[in-house]
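Novice:
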Amino acid sequence: MPEMRASVRTWPILLFGLVSLLVLIILSALAGARMATQTYQEMETIHQSHQLFDQALNQVKSHIFLASIYLRDFLLDPSNANSDYYRHQLRESQSAAQSQLAQIRQLSGHPEGSRLAELDLQMQTYWNSLEPVFTWSADEKTRLRFAFVRRDVLPRRQNLLSMAEDIQSLYAQNYQREQNRVNSSRARFQKYYQNLVLLTLALGLIVTGVAVHRSVRLERRAAEQQVRTEQAERELRLLSQRLVKAQEEERKRLSRELHDEVGQMLTGLRLALGQLGELREGAREQFDEQLAEAKSSTEQTLRVVRRLAMGLRPSMLDDLGLGPALNWQAREVSRQTGIDVNIQITEPIDELQDEYRTCLYRVVQESLTNCVRHSKAKHVTVELAREAESQAVSLTVNDDGVGFVPSTSVGKGLGLVGMEERVRELGGSMMIQSIPGAGTTLRVRLPFPGVNDEKTESVAG
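Per this note's numbering, the sequence shown starts with residue 141, numbered consecutively.
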């Protein structure tokens with residue numbers, strides 16, 4: 141029986157790998173673009189917020205300085221004629237500073253929130269402390285201005301500026317933390333992106349390796365198949381030549397036997413009949429003797445013709461069945477070669493169809509011929525049985541000959557090839573087991589043609 145090998149279909153694996161590789165490449169590109177855009181936006185937002193915060197805080201400090209300048213100019217002015225102008229400028233600076241502080245409060249985070257509230261409170265105190273100055277007279281300004289600036293204005297202004305510097309320092313630290321967070325997120329993404337690229341590269345290498353391996357394997361199989369095809373063509377040509385040669389040899393044998401045996405006997409019969417015509421008027425004894433010789437020659441001719449016909453296809457196979465035909469074949473082989481051939485039929489097989497009987501008979505005939513020609517066997521056993529459970533017919537031919545090493549189909553003769561073809565056409569199987577020095581066993585198993593099924597169908601019809 142030929143060995144059945146399961147073929148592994150690798151194209152779904154390759155397709156899955158290619159699709160996965162394409163998906164990973166697309167995901168890598170999308171993830172890279174998304175992360176780059178997100179990082180750029182975050183950095184841009186943080187940078188803009190930092191710039192706005194610094195600008196607003198510097199504006200607050202500028203307005204504090206500008207307010208102190210307006211106050212200084214008012215205190216150095218010997219008259220109060222421009223007091224409304226200076227008060228208006230001071231309030232403009234206060235309003236601008238408060239507006240910038242409100243913007244800073246929107247930009248700041250939690251760490252700067254408490255400091256901003258304290259700065260707002262101190263600024264209100266600072267602005268409130270400057271209001272009474274504009275109610276002083278010219279003499280009061282001259283007398284109190286230096287003490288007021290030194291005692292109230294300068295300490296409060298310096299306190300406000302110090303608080304603004306602290307807030308700016310805190311925001312700078314927060315800005316640095318945000319930058320570090322974005323950089324850390326970018327580093328994590330870079331690590332993830334590297335792993336994704338490595339995974340894509342590894343998957344690409346695996347897909348490439350599988351594809352190359354599959355391609356090499358297919359090329360190797362194609363080369364092997366080509367070799368097998370060429371070998372099969374050579375074997376077919378060889379078998380065709382051997383078949384033609386066997387047909388010619390069979391024709392030569394039949395022609396020789398017809399010429400040498402049947403032809404000579406018919407020639408002798410013709411001469412005997414001719415002599416009978418001459419002796420018709422002669423002595424009765426000579427006529428009877430010649431007549432007996434002619435009858436004997438006729439009977440010998442009939443036996444030879446019957447033997448030739450039986451060698452081609454025994455009539456008893458059609459008239460009496462497979463069992464008598466096998467027994468006759470066994471007797472003929474035993475009579476001609478001295479080999480003990482034992483036929484054992486365990487179940488009735490008369491219901492077999494003609495093609496099954498012919499197949500089994502030819503297998504036994506060829507097996508016995510091989511035993512005579514090659515095995516040097518002394519005993520041959522032929523067992524034929526019907527398997528009731530599996531509905532099959534089994535045939536076993538066993539000899540005690542020299543055996544052989546079972547070869548490939550190249551070394552098979554036409555007989556074995558013919559047997560295999562007959563068995564295969566009927567859906568059966570044939571197996572040969574042989575060991576040098578231990579004889580040969582041939583087993584044939586044919587599915588039973590199903591006579592009972594045919595009867596059932598005929599009754600149903």
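The beta carbon of each residue, even a glycine, is placed where N, CA and C say it ideally should be.
Do Met303 and Arg255 have their C-beta atoms closer together than 8 Å?
Specialist: In the sequence shown, residue 303 corresponds to position 163, counting from 1. In the sequence shown, residue 255 corresponds to position 115, counting from 1. Against a cut-off of 8 Å, the Cβ pair of Arg255 and Met303 comes out as a contact.
Novice: What are the boundary residues of the beta strand (DSSP E) that Asp480 is part of?
Specialist: On the sequence shown, residue 480 is found 340 positions in, with the first residue counted as 1. That run of the beta strand (DSSP E) goes 480-485.
Novice: In the structure shown, what three-state DSSP assignment does Ile166 receive?
Specialist: Taking the first residue of the sequence shown as 1, we reach residue 166 at position 26. Three-state DSSP puts Ile166 in a helix.
Novice: Using only CA atoms, which one of Asn314, Leu261, Asp260, Asp224 lies nearest to Pro272?
Specialist: Indexing the sequence shown from 1 puts residue 272 at position 132. The shortest C-alpha separation from Pro272 is found at Asp224.
Novice: Who are the near neighbours of Arg396 in its chain, counting only those whose CB is closer than 7 Å to its CB and skipping five residues on each side?
Specialist: Numbered from its first residue, the sequence shown carries residue 396 at position 256. None.
Novice: Indicate whether Leu582 and Val512 have their beta-carbon atoms separated by less than 8 Å.
Specialist: Residue numbering aside, residue 582 sits at position 442 when the sequence shown is read from its first letter. Residue numbering aside, residue 512 sits at position 372 when the sequence shown is read from its first letter. Not a contact, by the Cβ cut-off of 8 Å.
Novice: Leaving out the 5 sequence neighbours to the left and right, which residues in its chain are closer than 8 Å to His203 when beta-carbon positions are compared?
Specialist: As a position in the sequence shown, residue 203 is number 63, starting the count at 1. Once the five neighbours on either side are set aside, the close Cβ partners of His203 are Ser233, Gln234, Ala236, Ala237, Gln240.
Novice: Leaving out five residues before and five after Gly463 in sequence, what residues of the same chain have Cβ atoms less than 6 Å from its Cβ?
Specialist: For this step, residue 463 is matched to residue 323 along the sequence shown. Once the five neighbours on either side are set aside, the close Cβ partners of Gly463 are Ile485.
Novice: Indicate whether the contact test is met: 3 or more Cβ pairs, each with one atom in the stretch 331-338 and one in the stretch 185-202, closer than 8 Å.
Specialist: Short answer: they don't touch.
Novice: Who are the near neighbours of Tyr315 in its chain, counting only those whose CB is closer than 6 Å to its CB and skipping five residues on each side?
Specialist: Translated into the one-based positions of the sequence shown, residue 315 becomes position 175. Answer for Tyr315: His190, listed in chain order.
Novice: Would you kindly work out how many angstroms separate the C-alpha atoms of Val584 and Arg410, rounded to a whole number?
Specialist: Here residue 584 refers to the residue found at position 444 when the sequence shown is read from its first residue. Here residue 410 refers to the residue found at position 270 when the sequence shown is read from its first residue. Approximately 49 Å, taken between the alpha carbons.
Novice: Just grab the DSSP bridge partners of Met571 for me.
Specialist: Position 431 of the sequence shown, counting from 1, holds the residue named residue 571. Arg583, per the DSSP bridge assignment.
Novice: Over what stretch of residues does the alpha helix (DSSP H) that includes Asn467 continue unbroken?
Specialist: Residue mapping note: residue 467 aligns to position 327 of the sequence shown, counting from 1. Per DSSP, Asn467 belongs to the alpha helix (DSSP H) from 462-477.
Novice: Where do the ends of the beta strand (DSSP E) carrying Ala528 lie?
Specialist: One-based indexing of the sequence shown puts residue 528 at position 388. Ala528 -> no beta strand (DSSP E), and no H or E assigned at all.
Novice: Got a sec, what are the start and stop residues for the alpha helix (DSSP H) Leu230 sits in?
Specialist: Here residue 230 is taken as the residue at index 90 of the sequence shown, counted from 1. Element bounds for Leu230: 223-247.
Novice: With a cut-off of 8 Å, do at least 3 Cβ pairs link the stretch 476-484 to the stretch 514-525?
Specialist: Result yes; three or more Cβ-Cβ pairs closer than 8 Å.
Novice: Might you give, ordered along the chain, the residues of its own chain that have their beta carbon closer than 7 Å to the beta carbon of Asp213, omitting 5 neighbours on each side?
Specialist: Position 73 of the sequence shown holds residue 213. Once the five neighbours on either side are set aside, the close Cβ partners of Asp213 are Tyr226.
Novice: Under 8 Å between the Cβ atoms of Asn220 and Ser277?
Specialist: By 1-based counting over the sequence shown, the position of residue 220 is 80. By 1-based counting over the sequence shown, the position of residue 277 is 137. For Asn220 and Ser277, yes; Cβs fall inside 8 Å.
Novice: Would you call the CB atoms of Gly543 and Gly579 closer than 8 Å?
Specialist: On the sequence shown, position 403 is the one that residue 543 refers to. On the sequence shown, position 439 is the one that residue 579 refers to. Yes. Within cutoff.
Novice: How is the alpha helix (DSSP H) around Asn510 delimited, first residue to last?
Specialist: The residue labelled residue 510 in the question sits at position 370 within the sequence shown. It spans 494-510 - the alpha helix (DSSP H) in which Asn510 sits, taken as one unbroken run.
Novice: Taking only the alpha-carbon atoms, compute the straight-line gap between Ala528 and Asn467 and give it to the nearest angstrom.
Specialist: Start at 1 with the first residue of the sequence shown, and residue 528 comes out as number 388. Start at 1 with the first residue of the sequence shown, and residue 467 comes out as number 327. For Ala528 and Asn467, the distance between alpha carbons rounds to 23 Å.
Novice: Thinking Met263 and Leu211 are a contact (beta carbons under 8 Å), I'd like their distance in whole angstroms, please.
Specialist: In the sequence shown, counting from the first residue as 1, residue 263 sits at position 123. In the sequence shown, counting from the first residue as 1, residue 211 sits at position 71. About 14 Å; that fails the 8 Å criterion.
Novice: Would you verify that the beta carbon of Cys511 is, or is not, closer than 8 Å to some beta carbon of chain C?
Specialist: Looking at the structure shown, chain C is missing, and only one protein chain is on hand.
Novice: Quick one: measure Cβ to Cβ for Val533 and Tyr496, integer angstroms, because I've assumed they're closer than 8 Å.
Specialist: The residue given as residue 533 occupies position 393 in the sequence shown. The residue given as residue 496 occupies position 356 in the sequence shown. Confirmed, about 7 Å.
Novice: Candidates Asp540, Arg174, Arg443: which alpha carbon is nearest Glu326's?
Specialist: Along the sequence shown, one-based indexing puts residue 326 at 186. The amino acid occupying residue 326 in the given sequence is Arg; Glu does not appear at that position. It is Arg174.
Novice: Considering only the beta carbon of each residue, do Gly541 and Ser507 sit closer than 8 Å?
Specialist: Within the sequence shown, numbered from 1, the residue matching residue 541 stands at position 401. Within the sequence shown, numbered from 1, the residue matching residue 507 stands at position 367. Against a cut-off of 8 Å, the Cβ pair of Ser507 and Gly541 comes out as no contact.
Novice: Compute the Euclidean distance between the alpha carbons of Ser309 and Phe329, then round it to the nearest angstrom.
Specialist: Start at 1 with the first residue of the sequence shown, and residue 309 comes out as number 169. Start at 1 with the first residue of the sequence shown, and residue 329 comes out as number 189. Straight-line Cα distance between these residues: approximately 30 Å.
Novice: Let's test the definition: count the other Cβ atoms within 10 Å of the Cβ of Leu230 and tell me whether it reaches 16, buried, or not, exposed.
Specialist: Position 90 of the sequence shown holds residue 230. Buried is the call here.
Novice: Is the beta carbon of Gln469 less than 8 Å from the beta carbon of Val504?
Specialist: As a first step, residue 469 must be located in the sequence shown, where it is residue number 329. As a first step, residue 504 must be located in the sequence shown, where it is residue number 364. Going by C-beta atoms, Gln469 is nearer than 8 Å to Val504.
Novice: Kindly list the residues whose CB is nearer than 8 Å to the CB of Leu154, restricted to its own chain and excluding five residues on each side of it in sequence; keep chain order.
Specialist: By one-based count along the sequence shown, residue 154 stands at place 14. Cβ within range, chain order: Val347, Val350, Ala351, Arg354.
Novice: Hey, quick one: how far does the alpha helix (DSSP H) through Leu284 stretch, first residue to last?
Specialist: The residue you call residue 284 lines up with position 144 of the sequence shown. 278-288 is the span of the alpha helix (DSSP H), which, as asked, contains Leu284.
Novice: Since Leu413 contacts Ala434 with CB under 8 Å, what's their CB separation in whole angstroms?
Specialist: Indexing the sequence shown from 1 puts residue 413 at position 273. Indexing the sequence shown from 1 puts residue 434 at position 294. Rounded, the Cβ-Cβ distance is 6 Å, consistent with contact.
Novice: Using a Cβ-Cβ cutoff of less than 8 Å, which residues in the same chain neighbour Glu258 once the five nearest sequence positions on both sides are dropped?
Specialist: The sequence position of residue 258 within the sequence shown is 118, counting from 1. Excluding sequence neighbours, Glu258 sits near Met303.
Novice: Apart from the five residues just before and just after Gln440, which ones in its own chain have a Cβ nearer than 8 Å to its Cβ?
Specialist: In the sequence shown, residue 440 corresponds to position 300, counting from 1. Only Met405 meet the Cβ criterion.
Novice: Quick check: what's the CA-CA separation for Val163 versus Pro152?
Specialist: Sequence index remark: in the sequence shown, residue 163 carries index 23 (1-based). Sequence index remark: in the sequence shown, residue 152 carries index 12 (1-based). Roughly 16 Å separates the two Cα atoms.
Novice: Mapping the DSSP letters down to three states, classify Leu566 as helix, strand or coil.
Specialist: The residue given as residue 566 occupies position 426 in the sequence shown. Leu566 falls in the coil class under three-state DSSP.
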